[in-house]
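K.L.:
Quick one: the structure is below, and I'll ask about it shortly.
There are 2 protein chains.
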Amino acid sequence: MSNPKNAIYAQSGGVTSVINASACGVIETARRHSTQIHKLYAAKNGILGVLGNELIDTSLESDADIAALKTTPGGAFGSCRYQLKDPTQNRAEYEKLFDIFKQHHIGYFFYNGGGDSQDTTFKIATIARELNYPLQCIGIPKTIDNDLPFTDNSPGFGSVAKYIAVSIKEVGFDIAAMAASSTKVFILEVMGRHAGWIAAASGLAATEKGDPPHIILFPEIAFNPDLFCARVKETVEKYGFCVVVAAEGIKNENGKYITEQGMTDAFGHQQLGGVAPLLAGLVKSKLGLKYHWAVSDYLQRSARHIASKVDVEQAYAVGVKAVELALAGETGVMPIIVRKNQTPYEWKIGTASLEKIANQEKKMPMDYISEDGFGITKACWDYIFPLIQGEDYPTYENGLPKYVKLKNICVGTSPA
Amino acid sequence: MSNPKNAIYAQSGGVTSVINASACGVIETARRHSTQIHKLYAAKNGILGVLGNELIDTSLESDADIAALKTTPGGAFGSCRYQLKDPTQNRAEYEKLFDIFKQHHIGYFFYNGGGDSQDTTFKIATIARELNYPLQCIGIPKTIDNDLPFTDNSPGFGSVAKYIAVSIKEVGFDIAAMAASSTKVFILEVMGRHAGWIAAASGLAATEKGDPPHIILFPEIAFNPDLFCARVKETVEKYGFCVVVAAEGIKNENGKYITEQGMTDAFGHQQLGGVAPLLAGLVKSKLGLKYHWAVSDYLQRSARHIASKVDVEQAYAVGVKAVELALAGETGVMPIIVRKNQTPYEWKIGTASLEKIANQEKKMPMDYISEDGFGITKACWDYIFPLIQGEDYPTYENGLPKYVKLKNICVGTSPA
Chain W
481 MSNPKNAIYA QSGGVTSVIN ASACGVIETA RRHSTQIHKL YAAKNGILGV
531 LGNELIDTSL ESDADIAALK TTPGGAFGSC RYQLKDPTQN RAEYEKLFDI
581 FKQHHIGYFF YNGGGDSQDT TFKIATIARE LNYPLQCIGI PKTIDNDLPF
631 TDNSPGFGSV AKYIAVSIKE VGFDIAAMAA SSTKVFILEV MGRHAGWIAA
681 ASGLAATEKG DPPHIILFPE IAFNPDLFCA RVKETVEKYG FCVVVAAEGI
731 KNENGKYITE QGMTDAFGHQ QLGGVAPLLA GLVKSKLGLK YHWAVSDYLQ
781 RSARHIASKV DVEQAYAVGV KAVELALAGE TGVMPIIVRK NQTPYEWKIG
831 TASLEKIANQ EKKMPMDYIS EDGFGITKAC WDYIFPLIQG EDYPTYENGL
881 PKYVKLKNIC VGTSPA
Chain D
481 MSNPKNAIYA QSGGVTSVIN ASACGVIETA RRHSTQIHKL YAAKNGILGV
531 LGNELIDTSL ESDADIAALK TTPGGAFGSC RYQLKDPTQN RAEYEKLFDI
581 FKQHHIGYFF YNGGGDSQDT TFKIATIARE LNYPLQCIGI PKTIDNDLPF
631 TDNSPGFGSV AKYIAVSIKE VGFDIAAMAA SSTKVFILEV MGRHAGWIAA
681 ASGLAATEKG DPPHIILFPE IAFNPDLFCA RVKETVEKYG FCVVVAAEGI
731 KNENGKYITE QGMTDAFGHQ QLGGVAPLLA GLVKSKLGLK YHWAVSDYLQ
781 RSARHIASKV DVEQAYAVGV KAVELALAGE TGVMPIIVRK NQTPYEWKIG
831 TASLEKIANQ EKKMPMDYIS EDGFGITKAC WDYIFPLIQG EDYPTYENGL
881 PKYVKLKNIC VGTSPA
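Below is the structure:
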């Protein structure tokens, strides 16, 4: 039997409150199979750390610290926004990658990210086959946007969904108390450039008719200022106040974002923000109602303190499964979450080919949005409901969650 | 012995995640003294409910529902932004108030609010004495702004402080992971018009040198764009990223708010917002760094899911004490929180005269702000630290906190 190969694990794209739970699943499972996986390296800052030969030796981290990843938000090894170009355009980059793989006897590559990142994983798997380089190349799903295809849901989404639903439920109690003589309209801007999954999750906060949120604005539905203002007015007249949740990516009827900040990220995505103050301005100028607005931004995706237990378990499970798939000789695949049963909710981990996943976006089904375009349907509620179940509190120390910072010692560097 | 009198309890000003814990303390204590307090009414929407003769009969609420107030955010009976005018200016309003008191045999009045509200409480106590109307008039402290004098801290502040410190700790893990190839500057706008208490609380998130937040902007310190940009640049160069927490009320060197939304509330306070995008614009135009920004707004003051246990206990305790003071024949006073010992933190409930409290604002001591104006000192850390201790999770049902909605049946109306 040949010497066991080494492995690389890397995190990519926007981090979440549970991507480290996937890292934990990968590392703990690799440790249990040390006869097959010798060293597990974590690339510093995603694929950039592979290209830059910055590989963290995870064997220098204690079992306790690795276990603590399960309750720590952010990306423990650093993430990146960097997409490998098409091999025909930048062959040199791939050659560098495989040089590093050879140099470190890498036989396993795990890439933890969203659609763009799985495109990278797929390209690497393809080149490995072309080069006859023996590599088990496995994608691990992650994205708060919930837009990965094939998987029933993406790890990371459930916790954001829970955070937004909890926040809207709470703020609803606040506005309800203030509305008689003060704030009547509250607007929360949530993430979601192309798909309204996160905005939709706010709908879970409503359990009785009239409960907030009263209006949800989806990127999928062209924003019409007149219809919006009419609905705000109607809601305030009916319930005394109006809670609005708006996805950052809402567009006008011409498909243009109603606001943009101008900068774009490495993938060419526009960096958005400022929908909430824009809507607030509309409420003020057209309706003269007192308003408040909030923008959750990164708070929503790092809020490990209110993570969904189901989400944490699934994030961990896809990490475990990724290693199991690699050890079973699979490549070019990604573990996915399969909904086995709706009530009671049961799930299992399946597998999908990266070829089919890369660069595909799962849109919200149109029958998840109510006919008036301002709310979610029962089908949507049924879909999201199981994903926000359960609490998985971190431990606290001195009033704050106890999150782990790893030593992160790169190969070839000496411990501090 | 004369028939027991009735009581009115009312909530005023911006609500908090723990003002209902004070309500719970009042109602549970009143129920234990039913020989002295016959009916406890809750005014609908604060003093407006007294003026409008909208009094909720709290005896129609179950013990379980009243107990659940301890874990429910918002204001269960409705609050208001309405300040009684000076008696010389609007005598009729006071006459109406005392007509209602007489009509309902009110012998006790409990007003739960901040500085403006305690001014109202004081005025009512004064007029009662003038009219020889027997009234035990007791203020109950509440404000996230922590600006009530005499009390060591105000119920409501500790939970916002915890929310902000936890959020900044979490988001710091996020940005740290992204900074190599993406967002380098993150800005969170927090509440605080005149005092930087909430912004200061973010400083608790830092436990090691270099931990976020790197820059705190206080209303007490004139904002200097050049110094700010220089510090952001320096921080990014040193740590790879920069987390900024800005109070909504930061002002330029002429004492003008650096941004305003134009509308004012009933007390003439300017309704602010938009400091975060303004700072982000500065970071972009002057430094060209990739940024993200968030605005917590009402989310921070309604986040009961991450309330401070100390805060909940103190909010409850001032409610209990208010009733005890009233039963002891006191009037024109407010229970206050007294810090008995720093380490270990010990507190007790004391009493202060409303005459001294009304319309006074407790400022941040200048020695709580570091010399460079961008951080907090050890003295500030020591002061806030005990106030964020302990978690007091609400119970969850179907993935969401189980908050109570009372029946809120007004006297003279029939149950639904």
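So the protein lines, in turn, are chains W and D. Heads up: the first sequence begins at 481 in my numbering, then just goes up one per residue. Heads up: the second sequence begins at 481 in my numbering, then just goes up one per residue. Yeah, the Cβ is synthetic: ideal placement off N, Cα and C, and Gly gets one too. Note that the coordinates shown come from a computational prediction; the quantities given were computed from them, not determined experimentally.
Excluding sequence positions up to five away, which residues of its chain have a Cβ less than 7 Å from the Cβ of R819 (chain D)?
P.N.:
Taking the first residue of the second sequence as 1, we reach residue 819 (chain D) at position 339. Excluding positions up to five away in sequence, the list reads D632, W827.
K.L.:
Secondary structure at A660 (chain W), three-state DSSP: helix, strand or coil?
P.N.:
What you label residue 660 (chain W) is simply residue 180 of the first sequence in a count that begins at 1. Coil, per DSSP.
K.L.:
Rounded to the nearest angstrom, what separates L767 (chain D) and C722 (chain D) at their Cα positions?
P.N.:
Taking the second sequence and counting its residues from 1, one reaches residue 767 (chain D) at position 287. Taking the second sequence and counting its residues from 1, one reaches residue 722 (chain D) at position 242. Their backbone Cα atoms lie some 12 Å apart in a straight line.
K.L.:
Quick check: I648 (chain D) and P692 (chain D), are their CB atoms within less than 8 Å of each other?
P.N.:
The sequence position of residue 648 (chain D) within the second sequence is 168, counting from 1. The sequence position of residue 692 (chain D) within the second sequence is 212, counting from 1. Taking 8 Å as the cut-off, the beta carbon of I648 (chain D) is found closer than this to the beta carbon of P692 (chain D).
K.L.:
Output yes if chain D places a C-beta closer than 8 Å to the C-beta of A656 (chain W); else output no.
P.N.:
Start at 1 with the first residue of the first sequence, and residue 656 (chain W) comes out as number 176. By this cut-off, A656 (chain W) is an interface position.
K.L.:
May I have a chain-ordered list of the beta strand (DSSP E) segments no shorter than 3 residues that lie completely inside the region 566-613 of chain D?
P.N.:
The qualifying runs are 586-593.
K.L.:
For E877 (chain W), which three-state DSSP category applies?
P.N.:
Counted from its first residue, the first sequence places residue 877 (chain W) at position 397. DSSP places E877 (chain W) in strand when its eight states are reduced to three.
K.L.:
Would you give the residue range spanned by the alpha helix (DSSP H) that A859 (chain W) belongs to?
P.N.:
Locating residue 859 (chain W) in the first sequence gives position 379, where the first residue counts as 1. Note, A859 (chain W): alpha helix (DSSP H), 858-864.
K.L.:
For a contact meaning CB atoms closer than 8 Å, what does I889 (chain W) contact in chain D?
P.N.:
Position 409 of the first sequence, counted from the first residue, corresponds to residue 889 (chain W). Near I889 (chain W) there are no residues of chain D at all, since even the closest Cβ is about 17 Å away, more than 8 Å.
K.L.:
Who are the neighbours of K649 (chain W) on chain D, taking C-beta pairs under 8 Å?
P.N.:
Start at 1 with the first residue of the first sequence, and residue 649 (chain W) comes out as number 169. The contacting residues are L880, P881, Y883.
K.L.:
How big is the Cα-Cα spacing for L758 (chain D) and A726 (chain D)?
P.N.:
Start at 1 with the first residue of the second sequence, and residue 758 (chain D) comes out as number 278. Start at 1 with the first residue of the second sequence, and residue 726 (chain D) comes out as number 246. Straight-line Cα distance between these residues: approximately 11 Å.
K.L.:
Just confirm the distance between the C-beta atoms of C504 (chain W) and A544 (chain W), as a whole number of angstroms; I'd bet it's less than 8 Å.
P.N.:
Numbered from its first residue, the first sequence carries residue 504 (chain W) at position 24. Numbered from its first residue, the first sequence carries residue 544 (chain W) at position 64. That belief does not hold up - the Cβ atoms of C504 (chain W) and A544 (chain W) are roughly 11 Å apart, past 8 Å.
K.L.:
Go ahead and pull the three-state DSSP assignment for V891 (chain W).
P.N.:
Counted from its first residue, the first sequence places residue 891 (chain W) at position 411. Reduced to three states, the DSSP call for V891 (chain W) is coil.
K.L.:
The region 857-874 of chain W: which residues have C-beta closer than 9 Å to a C-beta of chain D, in chain order?
P.N.:
F865, P866, L867, I868, Q869, G870, E871, Y873
K.L.:
Where does Y771 (chain W) fall in DSSP's three states?
P.N.:
Taking the first residue of the first sequence as 1, we reach residue 771 (chain W) at position 291. Here Y771 (chain W) sits in strand by DSSP.
K.L.:
So, are the CB atoms of V498 (chain W) and V884 (chain W) less than 8 Å apart?
P.N.:
What you label residue 498 (chain W) is simply residue 18 of the first sequence in a count that begins at 1. What you label residue 884 (chain W) is simply residue 404 of the first sequence in a count that begins at 1. No, these two residues do not count as a Cβ contact at 8 Å.
K.L.:
Verify the CB distance criterion: does V792 (chain D) have a CB-CB separation below 8 Å to chain W?
P.N.:
Here residue 792 (chain D) corresponds to residue number 312 of the second sequence, with the count starting at 1. Cβ-Cβ to chain W under 8 Å: no for V792 (chain D).
K.L.:
Who are the near neighbours of H513 (chain D) in its chain, counting only those whose CB is closer than 8 Å to its CB and skipping five residues on each side?
P.N.:
For this step, residue 513 (chain D) is matched to residue 33 along the second sequence. Hits under 8 Å: V803, L807.
K.L.:
Please identify, using Cβ separations under 9 Å, the residues of the region 554-582 of chain D that lie next to chain W, in order along the chain.
P.N.:
G554, G555, A556, F557, G558, S559, C560, R561, Y562
K.L.:
Could you list which residues in chain D have their beta carbon closer than 8 Å to that of S788 (chain W), in chain order?
P.N.:
Counting from one through the first sequence, the residue named residue 788 (chain W) turns up at place 308. The contacting residues are G879.
K.L.:
Check Q750 (chain D) in the structure and name its three-state DSSP category.
P.N.:
Residue mapping note: residue 750 (chain D) aligns to position 270 of the second sequence, counting from 1. In this prediction, Q750 (chain D) scores a pLDDT of 47, lower than 50, which makes its location untrustworthy; the coordinate-derived value is nonetheless stated afterwards. Reduced to three states, the DSSP call for Q750 (chain D) is strand.
K.L.:
What did DSSP end up calling M846 (chain W) once you bin it into helix, strand or coil?
P.N.:
What you label residue 846 (chain W) is simply residue 366 of the first sequence in a count that begins at 1. In the three-state DSSP reduction, M846 (chain W) falls in the helix class (H, G or I).
K.L.:
Could you tell me the distance, in whole angstroms, from the CA atom of D599 (chain W) to the CA atom of G587 (chain W)?
P.N.:
What you label residue 599 (chain W) is simply residue 119 of the first sequence in a count that begins at 1. What you label residue 587 (chain W) is simply residue 107 of the first sequence in a count that begins at 1. D599 (chain W) and G587 (chain W): Cα-Cα distance of roughly 19 Å.
K.L.:
Tell me whether H694 (chain D) sits in a helix, a strand or coil according to DSSP, three-state version.
P.N.:
Stepping through the second sequence from its first residue, residue 694 (chain D) is reached at position 214. It is coil, neither helix nor strand.
K.L.:
So G900 (chain W) packs on A490 (chain W), CB below 8 Å; how close in whole Å?
P.N.:
The requested residue 900 (chain W) is not part of the displayed model; chain W covers only 481 to 896.
K.L.:
Going by alpha carbons, who is nearest to L805 (chain W) out of W:G493, W:K836, W:I517, W:A710?
P.N.:
As a first step, residue 805 (chain W) is located in the first sequence; it is residue number 325 there, counting from the start. Answer by Cα proximity: W:I517.
K.L.:
Are any of the Cβ atoms in chain D nearer than 8 Å to that of K642 (chain W)?
P.N.:
Within the first sequence, residue 642 (chain W) is the residue found at index 162, counting from 1. For K642 (chain W), the answer is yes, since a Cβ of chain D falls inside 8 Å of its Cβ.
K.L.:
Please determine if the region 550-559 of chain D and the region 834-853 of chain D are in contact, where contact requires at least 3 C-beta pairs separated by less than 8 Å.
P.N.:
no
K.L.:
Once you ignore the five residues that flank Q822 (chain D) on each side, which residues in its own chain have a CB closer than 7 Å to its CB?
P.N.:
Looking up residue 822 (chain D) in the second sequence gives position 342. Apart from sequence neighbours up to five positions away, the residues of its chain that approach Q822 (chain D) with a beta-carbon distance below 7 Å are D862, ordered along the chain.
K.L.:
Return the CA-CA distance between G493 (chain D) and G672 (chain D), expressed in angstroms with no decimal places.
P.N.:
Translated into positions along the second sequence, residue 493 (chain D) becomes position 13. Translated into positions along the second sequence, residue 672 (chain D) becomes position 192. One C-alpha to the other measures close to 14 Å.
K.L.:
If distances are taken between C-alpha atoms only, which option among W:A659, W:Q780, W:K603, W:K770 comes closest to E669 (chain W)?
P.N.:
Within the first sequence, residue 669 (chain W) is the residue found at index 189, counting from 1. Among W:A659, W:Q780, W:K603, W:K770, the Cα nearest to that of E669 (chain W) belongs to W:Q780.
K.L.:
Per DSSP, L758 (chain D) forms a beta bridge with which residues?
P.N.:
Here residue 758 (chain D) corresponds to residue number 278 of the second sequence, with the count starting at 1. DSSP output for L758 (chain D) lists no bridge partner at all.
K.L.:
Pop quiz: F589 (chain D) and C617 (chain D) are said to be a contact at Cβ under 8 Å. What is the actual Cβ separation, rounded to whole angstroms?
P.N.:
Taking the second sequence and counting its residues from 1, one reaches residue 589 (chain D) at position 109. Taking the second sequence and counting its residues from 1, one reaches residue 617 (chain D) at position 137. Their Cβ separation, rounded to whole angstroms, is 5 Å, which keeps F589 (chain D) and C617 (chain D) in contact under 8 Å.
K.L.:
Output the distance between the C-alpha atoms of N483 (chain D) and P614 (chain D), rounded to the nearest integer angstrom.
P.N.:
Residue mapping note: residue 483 (chain D) aligns to position 3 of the second sequence, counting from 1. Residue mapping note: residue 614 (chain D) aligns to position 134 of the second sequence, counting from 1. Going from the Cα of N483 (chain D) to the Cα of P614 (chain D) covers about 14 Å.
K.L.:
Relative to the alpha-carbon of I644 (chain D), which residue among D:D627, D:G676, D:A657 has its alpha-carbon at the smallest distance?
P.N.:
On the second sequence, position 164 is the one that residue 644 (chain D) refers to. Per the Cα distances, D:G676.
K.L.:
If you run the structure through DSSP and keep just helix, strand and coil, what is E508 (chain W)?
P.N.:
Taking the first residue of the first sequence as position 1, residue 508 (chain W) is located at position 28. DSSP places E508 (chain W) in helix when its eight states are reduced to three.
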